[in-house]
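Before any comments, here is the structure.
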Amino acid sequence: MLKRCILAENRKLHASPIWAMFFVLPILSATYGTFNYLQNLEILTDGWYSLWTQHTLFYSMLFFPAMVATYAAYLWRLEHLGHNWNLIMASPVPPLDLFAAKFAVVTKLALLTHGFVFALFVCGKVFAHLPGLPPVTLPLFLLRGLLGALAVIAAQLVLAMVIRSFAVPIFLGLLGGITGIFISSKGHGLLWPYSLMQLGMNSNKSADALA
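So for the sequence shown, the working numbering puts the first residue at 19; every next one is plus one.
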């Protein structure tokens with residue numbers, strides 16, 4: 019049943035408008051991160067690592083929570099229409115399988131987004147004039163960030179499930195990401211799900227964040 023639920027959730031993405039956001043938001047994040055890096059070269063002196071923190075700081079704090087919130091709200095949209103919840107609860111589909119299927123699909127989207135973000139980061143060397151290739155540790159930071167992103171995905175799916183509005187969960191995702199940087203700066207990032215991705219990606223270096 020779980021496999022069928024995953025296939026059904028994947029069908030919702032066919033010709034979906036969220037694919038435009040999938041491409042636009044990472045490009046905006048990469049553009050802003052590269053621009054911020056070039057404007058603060060006197061502070062950001064660690065080359066590839068400094069460029070990485072600027073790319074992933076804005077991505078993990080603002081763009082990714084907004085994207086995941088939109089993905090989650092979009093996947094729950096059909097269930098919130100009319101009396102579909104009553105039909106679902108009366109069907110033989112276990113509620114846990116339904117949630118797990120949406121979690122798997124959003125995680126797949128997050129993994130694809132992470133790959134696109136890293137490709138944009140590598141392309142950023144053209145503008146940042148950095149030598150060679152990025153250190154091998156940076157892809158590992160990306161994978162650690164993906165583990166932290168799972169907490170954001172779970173939180174946003176729960177919010178989108180219990181809140182019928184499409185916009186409110188997205189606003190809460192943005193708010194969670196913004197507050198995450200302040201909570202992590204106080205040393206409590208491990209207690210806040212929206213800070214885990216930022217910590218995992220090592221984009222919480224105080225000097226780079228202040229830049």
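Glycine is no exception: its CB is placed at the ideal position from the N, C-alpha and C atoms. As the structure is a prediction and not an experimental result, all values here were calculated from the model.
| Check | Outcome |
| --- | --- |
| Assigned secondary structure, ALA33 (DSSP; H/G/I helix, E/B strand, else coil) | coil |
| Closest residue to LEU116 among ALA33, PHE136, TYR212 and ARG22 (Cα-Cα distance) | ARG22 |
| Residue-level contact to chain D via CB, LEU214, 7 Å cutoff | Checking the listed chains, one finds no chain D in this structure; it contains a single protein chain. |
| Between the CA atoms of VAL111 and VAL42 - distance to the nearest angstrom | 35 Å |
| Every unbroken alpha helix (DSSP H) inside the stretch 66-102 [4 residues or more] | 66-76 and 82-98 |
| Close-in-space but distant-in-sequence residues of the same chain around PRO211 (CB under 7 Å, 5 per side omitted) | ALA169, VAL170 and ALA173 |
| LEU161, buried or exposed, once every other Cβ within 10 Å from all chains shown has been counted against 16 | exposed |
| Cβ pair ALA119, ILE199 closer than 7 Å | no |
| Inter-residue Cα distance where the pair is GLY218 and PHE159 | 6 Å |
| Contact check, LEU114 vs PRO44, beta carbons under 7 Å | no |
| Same chain only: Cβ atoms within 8 Å of LEU56, ignoring 5 sequence neighbours per side | PHE145 and ALA146 |
| Contact check, SER47 vs TYR92, beta carbons under 7 Å | no |
| Status (buried if at least 16 other CB within 10 Å, exposed otherwise) for LEU208 | exposed |
| Contact check, ALA90 vs LEU175, beta carbons under 7 Å | yes |
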